[in-house]
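S.K.: Residue numbers (the numbering used here): 32 to 294.
What follows is the structure in structure tokens.
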């Protein structure tokens, strides 16, 4: 008890910073791997680490040494097991330089202006989505941020056109040769159509989610893009950002979200 009180009295500001930073990193790790098999691996590694500490405190030197040797090669094992998650994290770090929140970027706990979010003709995009919703026309629209997704654009057909409601509807018309795949919009320009997107590998997704929704999750998990999905079965509109879906949103919600990011 006296030892605990002594440590409490010597608690420094740097200790608070240490705890907060570690908590933040653990939270970001969870956000990165949630819904993937990697969660179970993290639980297993954490269990082994706690067991190692308990064995060490109990004075079982031989068992402690064996577990310690196992953990000493754990870094290499983690790189192999988490290669997809590490790649995703580095892609996000490189494309965002922090965590994106609206038209601001958050680095740790600070927010700075994000100049990569340029103006967008929000009404044209919203009108196109809801008019396609009324006719049950499926669509997948990607609004890029700082990462312009040039590698994704190469998989589709190039465009150079201002954002226009009628053009978007024509591209996704069911008899159009361009209606499959994603439409890419960068700085209020339609730059590509019929693009192929990475599909989310998460295992906790609803069974009713089709390829468009899974592709929207995949691209927003690995970049700072925003995805809009119009379901051809139900006409529902889904807004996706950072791998988080808002399903069946109304026009006011869509416009508010887009203004928060692009206005």
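Here a beta-carbon is modelled for each residue, glycine too, at the ideal position from N, C-alpha and C.
These numbers were taken from a predicted model, which means no experiment stands behind them.
#1: In whole angstroms, what is the alpha-carbon distance linking residue 140 and residue 204?
#2: Taking just the CA atoms, how far does residue 109 sit from residue 264?
#3: May I ask you to verify whether the segment 190-202 touches the segment 266-285, counting CB pairs closer than 8 Å and requiring at least 3?
#4: Skipping 5 residues on each side, what residues in its chain have a beta carbon closer than 8 Å to that of residue 157?
#5: Exposed or buried, which one is residue 75 when buried takes at least 16 other CB atoms within 10 Å?
#6: Measure the Cβ-Cβ separation of residue 250 and residue 173 and say whether it is below 8 Å.
#7: What span of residues does the alpha helix (DSSP H) with residue 193 cover, start to end?
#8: List the residues that DSSP assigns as beta-bridge partners of residue 259.
#9: Using DSSP with H/G/I as helix, E/B as strand and the rest coil, what is residue 245?
#10: Starting from the C-beta of residue 133, find all residues in its chain whose C-beta is less than 7 Å away, skip the five residues before and the five after it, and write them out in chain order.
#11: Going by beta-carbon coordinates alone, are residue 97 and residue 82 separated by less than 8 Å?
#12: If you count every other CB in all the chains shown that lies within 10 Å of the CB of residue 169, and 16 or more means buried, which is it?
#13: CA-CA distance, residue 151 and residue 255?
#14: Please state whether DSSP places residue 77 in a helix, a strand or coil.
#15: Would you tell me roughly how many angstroms separate the C-alpha atoms of residue 222 and residue 209, rounded to the nearest one?
#16: On a CA-only basis, which of 84, 229, 166 is nearest residue 274? Give me that one, please.
#17: Tell me the residue span of the beta strand (DSSP E) that contains residue 265.
#18: For residue 104, report the span of its alpha helix (DSSP H) as first-last.
#19: Cβ of residue 85 within 8 Å of Cβ of residue 160?
#20: Any Cβ of chain C within less than 8 Å of the Cβ of residue 167?
#21: Figure out for me which residue from 216, 212, 217, 224 has the closest Cα to the Cα of residue 241.
M.R.: In brief:
#1: Residue confidence is low: residue 140 scores 43 on pLDDT, short of 50, so the model does not pin down where it sits. Its coordinate-derived value is still stated next. Their Cα atoms are separated by approximately 44 Å.
#2: 41 Å
#3: no
#4: 282, 285, 286, 289
#5: exposed
#6: yes
#7: Premise fails: residue 193 lies in the beta strand (DSSP E), 188-193, not in any alpha helix (DSSP H).
#8: 172, 270
#9: helix
#10: Confidence at residue 133 is low in this model, with a pLDDT of 46, below 50, so the placement of that residue is unreliable and no value is reported for it.
#11: The answer is no: Cβ separation not under 8 Å.
#12: With 16 or more neighbouring CB atoms inside 10 Å of its own CB, residue 169 falls in the buried class.
#13: 16 Å
#14: helix
#15: Whole-angstrom Cα-Cα distance: 13 Å.
#16: 229
#17: Counting along the chain, residue 265 falls outside any beta strand (DSSP E), and DSSP gives it neither H nor E.
#18: From DSSP, residue 104 is part of no alpha helix (DSSP H); its letter is neither H nor E.
#19: no
#20: Among the chains of the structure shown, chain C does not appear; only one protein chain is present.
#21: 212
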